[in-house]
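Let me begin by presenting the structure, written as structure tokens, before commenting on it.
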Amino acid sequence: MNNQNDFKSSWLPKVFKHSANTSPTSTSPNEQSLLLPQSTNEGETYEIEEDDTTPAKRWISEFLLLLRGSIPVILAYALQNSLQTISVLIVGRLSPEALATAAFSYMFAMSTAWLIALGGSTALDTLASSSFTGSKNPHDLGILLQRGFLILTAFYIPVAILWACSAPVFRFLGQEEYICLDSARFLTTLIPGGLGYIYFEAMKKYLQAQEIMRPGTYVLLITSPISAGLNYLFIHTLDLGLIGAPLATGLSYWLSFLLLVLYSHFITGHECWGGFTTKSLHNLGTFSRLALLGIIHVGTEWWAFEIVALAAGRLGTIPLAAQSVIMTTDQVMNTIPFGIGVAASSRVGNLLGARNAKGAARAANVAAWLSMVMGLVVLIILMSHYSK
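Just so we're aligned: 113 in full-length UniProt numbering is position 113 of the sequence shown, and the numbers increase by one with no gaps anywhere.
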């Protein structure tokens, strides 16, 4: 199928789809293309005007559209975090020390490797969504996915080395000896699973760029209970103890990635995959810079929480375990604005690829208001529990 307009899940109005195909430019967009292509009319950006609906109706329509698009993304990230949360809860039945070690290890993983997955893959948010609607060759999206796999794997290698040699690092940071040794073993066992997490996240972005938002949620609804079963099997039934947790979690991440690949191949999303090609080796530097900026952007927030966790670890087992509960709650709440951001990024990229700059600006503004509304809801929930 050579025409992106045939996708049933597309949320672009027909006028957007038509303009994407009748674009006056003949060059397929890449990382160095302008996000707002120049038209032939005196260098002005070509705008696609909607019908004669009022601005208020357009804002309401955009608000509802982004809300619907954000919900499956938020659910997917919440379920994704639940894999770790369930693992920590099952490990916590062993001892307070095991609970503290697992929570500390997952927090360190989130501040390192998970940053590559969630922050680095934002380069795909920027490039893939505009490529989907702006390129005449649908396989350009598959090339971007391959490029993402290469770059994110390269970024993960030093993190894997850090995990394998993390015991001296934790000692330098003043953690208790059992935390240093057990967390190093935990993270070393998690190294293969970390790559599965990264690939799963990149695959999600590949589908989201095609406006296919729900498969990640469907897959995690399957793998989340499987992960719980694997954790109990490895930790308690097979008596592997603490090491059973990273084994089960790593297998769950790889299973999630493989199921997402199968969904794309057999159901929808495969139209943009043209097979492996050496074109993915082009423009690696540009993609790397975008990925690095995404990692820094997300990391500045997460590293602040990791600093608090390191400080709690210096106080002892109980404070560290208490901090892990707070961090787990924060991870769940964080899925709301993060999911809105991912959905909005995909939406804006699609509109830019369709050469609709006004629609993209409106979508960005509506996303900001939606974030504030959802933030207010979260604040009300937290304050209601605090008052009790």
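Glycine residues also receive a C-beta, built at the ideal position from the N, C-alpha and C atoms.
Buried or exposed (CB count within 10 angstroms, at least 16 for buried), residue i
i, result
"residue 205", "buried"
"residue 37", "Here the model assigns residue 37 a pLDDT of 44, short of 50, so the residue's position is not dependable and the matter cannot be decided."
"residue 301", "exposed"
"residue 383", "exposed"
"residue 377", "exposed"
"residue 163", "buried"
"residue 212", "buried"
"residue 143", "buried"
"residue 177", "exposed"
"residue 174", "exposed"
"residue 95", "exposed"
"residue 9", "The pLDDT assigned to residue 9 is 41, lower than 50, so where the model puts this residue is not dependable, and the model offers no usable value."
"residue 380", "exposed"
"residue 393", "What the structure shows of the chain is the stretch from 1 to 388, and residue 393 is not part of that stretch, so it cannot be assessed."
"residue 69", "buried"
"residue 54", "exposed"
Where residue i falls: helix, strand or coil (DSSP)
i, result
"residue 326", "helix"
"residue 282", "coil"
"residue 85", "helix"
"residue 27", "Its pLDDT being 46, under 50, residue 27 is placed unreliably by the model, and nothing is read from it."
"residue 61", "helix"
"residue 267", "coil"
"residue 138", "coil"
"residue 354", "coil"
"residue 276", "coil"
"residue 375", "helix"
"residue 289", "helix"
"residue 99", "helix"
"residue 339", "helix"
"residue 299", "helix"
"residue 36", "Any reading at residue 36 needs caution, since the residue's pLDDT is 42, under 50, leaving its predicted position unreliable; the model's value is listed next. If DSSP states are grouped into helix, strand and coil, residue 36 belongs with coil."
"residue 382", "helix"
"residue 105", "helix"
"residue 94", "coil"
"residue 359", "helix"
"residue 111", "coil"
"residue 153", "helix"
"residue 126", "helix"
"residue 121", "coil"
"residue 370", "helix"
Rounded separation between residue i and residue j - CA only
i, j, result
"residue 330", "residue 210", "30 Å"
"residue 355", "residue 341", "21 Å"
"residue 184", "residue 310", "15 Å"
"residue 112", "residue 136", "37 Å"
"residue 217", "residue 71", "10 Å"
"residue 389", "residue 293", "Residue 389 lies beyond the residue range present for the chain, which begins at 1 and ends at 388; the question has no answer from this structure."
"residue 43", "residue 161", "Summary for residue 43: the model assigns pLDDT 33, below 50, so the residue's position carries little reliability; its value from the coordinates is reported in the next sentence. Roughly 50 Å separates the two Cα atoms."
"residue 280", "residue 345", "23 Å"
"residue 181", "residue 358", "55 Å"
"residue 128", "residue 196", "21 Å"
"residue 337", "residue 61", "20 Å"
"residue 241", "residue 257", "26 Å"
"residue 92", "residue 58", "50 Å"
"residue 80", "residue 333", "13 Å"
"residue 215", "residue 138", "20 Å"
"residue 126", "residue 360", "13 Å"
"residue 150", "residue 156", "10 Å"
"residue 371", "residue 320", "31 Å"
"residue 267", "residue 219", "13 Å"
"residue 304", "residue 323", "13 Å"
"residue 312", "residue 171", "14 Å"
"residue 282", "residue 145", "13 Å"
Short Cβ contact (9 Å threshold) for residue i with residue j
i, j, result
"residue 208", "residue 73", "yes"
"residue 200", "residue 246", "no"
"residue 269", "residue 75", "no"
"residue 295", "residue 116", "yes"
"residue 253", "residue 90", "no"
"residue 428", "residue 130", "Summary: the structure shown does not reach residue 428, with the chain confined to residues 1 through 388, and so no result is reported for it."
"residue 56", "residue 290", "no"
"residue 227", "residue 87", "yes"
"residue 363", "residue 118", "no"
"residue 147", "residue 260", "no"
"residue 306", "residue 108", "yes"
"residue 189", "residue 243", "yes"
"residue 348", "residue 368", "no"
"residue 288", "residue 203", "no"
"residue 169", "residue 194", "no"
"residue 152", "residue 273", "no"
"residue 237", "residue 83", "no"
Closer than 8 Å: residue i CB and nearest the ligand SAM heavy atom
i, result
"residue 278", "What this structure holds is no ligand at all, so the ligand SAM is not there to describe."
Every unbroken alpha helix (DSSP H) within the stretch 165–250, with a cutoff of 4 residues, ordered by chain: If we require 4 residues or more, the alpha helix (DSSP H) runs fully inside the stretch 165–250 come out as 166–172, 177–209 and 215–232.
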